[in-house]
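**Student:**
Numbering (UniProt numbering), first residue to last: 1 to 656.
1) For residue 259, report the span of its alpha helix (DSSP H) as first-last.
2) Distance, Cα to Cα, residue 8 vs residue 38?
3) If you draw a straight line from the alpha carbon of residue 638 to that of residue 575, how long is it in whole angstroms?
4) Which full runs of the alpha helix (DSSP H) of 4+ residues lie inside the segment 571-621, going along the chain?
5) Give the straight-line distance between the Cα atoms of residue 491 and residue 625, rounded to the nearest whole angstrom.
6) How many angstroms separate the CA atom of residue 134 from the CA atom of residue 96?
7) Fully enclosed by the segment 322-398, which alpha helix (DSSP H) runs are 4 residues long or longer?
8) Identify every run of the alpha helix (DSSP H) within the segment 441-489, keeping only runs that are complete inside it and at least 4 residues long; order them along the chain.
9) Could you give the residue range of the alpha helix (DSSP H) that holds residue 228?
10) Could you check if residue 190 is buried or exposed, using at least 16 other CB atoms within 10 Å of its CB as the buried criterion?
11) In chain order, which alpha helix (DSSP H) runs of at least 4 residues are fully inside the segment 41-101?
12) Within 8 Å, do at least three Cβ pairs link the segment 595-605 to the segment 457-476?
13) Please identify the residue among 572, 388, 378, 357 whose C-alpha is closest to the C-alpha of residue 708.
14) Would the beta-carbon of residue 371 fall within 8 Å of that of residue 449?
15) For residue 327, which residues of its own chain have a beta-carbon under 7 Å away from its beta-carbon, when the five flanking residues on both sides are left out?
16) Can you tell me whether DSSP reads residue 233 as helix, strand or coil?
17) Got a sec, what are the start and stop residues for the alpha helix (DSSP H) residue 535 sits in?
18) Determine whether the beta carbon atoms of residue 331 and residue 295 lie at a separation below 8 Å.
19) Give the secondary structure of residue 306 by DSSP, where H, G and I count as helix, E and B as strand, and everything else as coil.
20) Give the secondary structure of residue 144 by DSSP, where H, G and I count as helix, E and B as strand, and everything else as coil.
21) Could you pull out every residue in the same chain whose Cβ sits closer than 8 Å to the Cβ of residue 3, ignoring the five residues on either side in sequence?
22) If the criterion is Cβ atoms closer than 8 Å, does the pair residue 150 and residue 176 meet it?
23) If you draw a straight line from the alpha carbon of residue 291 to that of residue 262, how long is it in whole angstroms?
24) Around the C-beta of residue 511, are 16 or more other C-beta atoms found within 10 angstroms, so that it is buried, or is it exposed?
25) Taking 8 Å as the threshold (C-beta atoms), are residue 571 and residue 487 in contact?
26) CA-CA distance, residue 214 and residue 614?
27) Compare the C-beta of residue 202 with all C-beta atoms of chain C and state if any pair is closer than 8 Å.
28) Just how far apart, CA to CA, sit residue 132 and residue 98?
29) Counting Cβ pairs, one atom from each stretch, are 3 or more of them under 8 Å apart for the segment 537-553 and the segment 588-596?
30) By alpha-carbon positions, which one of 126, 554, 94, 282 ends up nearest to residue 584?
31) Please list, in chain order, all residues of the same chain as residue 217 whose beta carbon is under 8 Å from its beta carbon, the five residues on each side excluded.
32) Might you give, ordered along the chain, the residues of its own chain that have their beta carbon closer than 7 Å to the beta carbon of residue 174, omitting 5 neighbours on each side?
33) Apply the 10 Å Cβ neighbour rule to residue 459 and answer buried if 16 or more other Cβ atoms are within range, or exposed otherwise.
34) Of the choices 82, 391, 388, whose alpha-carbon is the least far from that of residue 115?
35) Taking the CB atoms as reference points, tell me whether residue 368 and residue 403 lie closer together than 8 Å.
Take a look at the structure:
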C-alpha cells in the first residue's frame, strides 16, 4: 500500500494501521512514522486504542524501535489511555511482549506507575496473565505493594489467574504479601482455597472418585495417563534469605526446581491430548507447593472469635457462640473438598481444627454435610482432635449425625448447599444422568453415609434434638421421603424391563436344549453330532446350560427386588446387592447364549474358517463394548458395595 506524503485521512488509514500492526517492512515502518508525525497518538477505534496500543498488542518491537529512533515516542503519547484506562504498556504487559515493554519503560520509567480504570498497574496485569518475563522487567520499575481498587495485590492476581509458578516466585521475593488481604479480608491463601479445580482431589484424574466425566472408562484411562506423567516441578529447601527472614531467621524458604525432560518425553507430551493432562498435573503440583509456602505465614488465631453469651440463653448449655470474623482457608478447603489443602494445613497447624464457620460448624461437620468421604477418612484418623470435633454441636443444635441426613451423592458438588431441598434438586439431576439406577444408588449412599457417621459418633448424641426439636433419624426420614419413593419406582421400573429380557433369554435357551444342531438319534435319543463331534457338542450344551442357569438366576433376583419392602434399611445392602447380582447374571446369560449360537453354526458347518474367525473377533468386540457399557453404567454400584463392605468389616465393638 502506497503512502501519499503526510496528508493522512485518519479514517481511511484505520485499516492500514491494523494491517501493519504486526509487520516490520519498510512500508509499515514508514507508515507509522508518518502517522504519528501528522496525527499523534489519537484514538483509531471505539476502544480508544492508539497506534501504540496496536503495536504493543502485537509485540512489534521493530516498529517501536523505529519510532524511538525518530523521536516520535513522546511522553504524552506513551501515557495516552484507551476507554478502559489502559496505556500501551498495560497491553504489552497483558500479552507478555517484553521487548515492547522494555522500550517504553526505559523511555519513560514513570509509565510503570500508570493505572487503568480498575486501578491496575502494568505489573499487576503481567502477574494476572502469568507473563513472567514482563513481570520480572517491570518489578524493578514499579511498586510491588501497589493494589487494585478492591485491595488485591500482585500475589492475589497471580493466584486468581491460576499462574502458580509465578505466584511461587512472587511469594519468594515478597513474602510479606502472604498476609495482605483485600477489602473483604481475602488473603492469597483464601483465594487458593477457593479454587478446587487447581487440585487433583477435585479433578477428573482420580480413580477413587468416579463419575466426574460423561464416560467413566475414559476417566480411568485419563487417570492412568496422569499417574504416568512425571512431575516437572520438585520442591527444594533453600537457605534463609536475609531480606525476607529478618524477624525469623529459622524460616527457610521453600522453592521449586524445574526438571529437564528428555526429547522423547517432550515429543510424546507435545500431543494436544497428553499436553492437556500434563498441564493439569503440573498445575496441581504447583498449587500444593504454593499452599505449603503460604501455610507458614498464616496466623490461625485470627480466624476464630468467641462471642460470650449467657448460658441460660443457650438451649444446649453452650457458653460461647462460635463464628469467624474473616474467611478461614481450612473451612473453605473442607467445603470445597480440597483434601490436599486440608492435609497440608492440619499437618502444619493441628490447632486449626478449632476453626468454625458462620454456623458454628467445624471441618468435620462440613465434611459430613458435603459427604467428602475420603476427607472424612483422613479426619477420623486425626487422633484426639477427632473426638472433640465429633462432640461439637453447631449454632442450630445440630450434631454431626444431624448433618449426615442431607440428600445427595458423596462430594457431588463443590459449592455446598444451604438446605436439603437445594441438595436434592442438584443431586437428583446427577443421578438421573446415570439412568434410573442412579436414584437407587443415591438413596443407598445416603443410608450408608448416615449409618457410618452414626457408628463413629457418640451414642449420647444419637437422640439429641436440634433447635427445631428433631432427632437425627427423624430428620433423615423427613429429608429422604421423596427420594425413597423415587428410588422405589426406579428400582421396580428397571427390574420390570430386565425381567422381560431374562425371560426372553431363558426361553430361547430352554428351546435350544430340545432343538440341538443335527437333531437327535431316533434310536438312542442322543444328539447326532455327539457321536462324531463329542467335544464340540459338549461345549454347545454347556454354553446353553450356563445361559439358561444365569437367566433363571437373574429372574429370581429381579423378582426378589420386586417383592422388597423398600424400607430405608433395604437400601443399605439388600437392594444394591440384588441389583449387582441381576446385572451380572444378565450379562453372563447374554454372553453364554451368543457363544452357544456361534458354536451351533460351527457344528452345522455353515461357517467357513474365515467366517468363524471373523465371527469370533466380532463377538470379542461386542463383549468389550458390553463390558465398557457395564463399567460406565454400573461401576458406581460396585463402588458403593466396596465402600459398604469395607465399612462393615471395620466395625469395632463400643466400650460398654
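The beta carbon of each residue, even a glycine, is placed where N, CA and C say it ideally should be.
Just so it is clear, the structure is predicted and the values come from calculations on it, not from any experiment.
**Tutor:** Taking the structure as given:
1) Per DSSP, residue 259 belongs to no alpha helix (DSSP H) and is neither H nor E.
2) Because the pLDDT at residue 8 is just 45, under 50, the model does not fix this residue reliably, and the point stays unresolved.
3) Those two C-alpha atoms are separated by around 12 Å.
4) For the segment 571-621, whole alpha helix (DSSP H) runs of length 4 or above, ordered along the chain, are 574-603.
5) Taking the CA atoms as reference points, residue 491 sits about 25 Å from residue 625.
6) Residue 134 and residue 96: Cα-Cα distance of roughly 6 Å.
7) For the segment 322-398, whole alpha helix (DSSP H) runs of length 4 or above, ordered along the chain, are 329-336, 339-348, 363-370, 373-379, 384-391.
8) The segment 441-489 contains, as complete alpha helix (DSSP H) runs of 4+ residues, the segments 472-479 (chain order).
9) Following the DSSP letters along the chain, one finds residue 228 inside the alpha helix (DSSP H) bounded by residues 216-228.
10) Residue 190 is buried by the Cβ-count criterion.
11) Here the runs fully enclosed are 51-58, 61-69, 75-78, 88-95.
12) In short, these stretches do not touch, since the Cβ pair count stays below three.
13) The structure shown does not extend to residue 708, since the chain is modelled only from 1 to 656, so the question has no answer here.
14) A contact, by the Cβ cut-off of 8 Å.
15) Counting only Cβ-Cβ distances below 7 Å, and skipping sequence neighbours, we find 185, 186, 190.
16) Three-state result, residue 233: strand.
17) Element bounds for residue 535: 534-562.
18) Contact flag unset, no.
19) Bear in mind that a pLDDT of 46 at residue 306, under 50, signals an unreliable position, so the model cannot answer this.
20) In the three-state DSSP reduction, residue 144 falls in the coil class, being neither helix nor strand.
21) For residue 3, the predicted model reports a pLDDT of 45, less than 50, meaning its position is unreliable and no value from the coordinates is stated.
22) Cβ distance not < 8 Å, so residue 150 and residue 176 don't count as in contact.
23) Cα-Cα distance, rounded: 29 Å.
24) It is exposed - the Cβ of residue 511 has fewer than 16 other Cβ atoms within 10 Å.
25) Closer than 8 Å, so yes.
26) Approximately 32 Å between the Cα atoms of the pair.
27) In the displayed structure, chain C is absent; only one protein chain is listed.
28) Near 9 Å, if we compare the C-alpha coordinates of residue 98 and residue 132.
29) Using a C-beta cut-off of 8 Å, the segment 537-553 makes contact with the segment 588-596, since at least three inter-stretch Cβ pairs fall below that distance.
30) The candidate whose alpha carbon is nearest that of residue 584 is 554.
31) These residues qualify, in order along the chain: 628, 631, 632.
32) 144, listed in sequence order.
33) Per the 10 Å Cβ criterion, exposed.
34) 82 is the residue among 82, 391, 388 whose C-alpha sits nearest the C-alpha of residue 115.
35) Contact annotation: residue 368 and residue 403 have beta-carbon atoms nearer than 8 Å.
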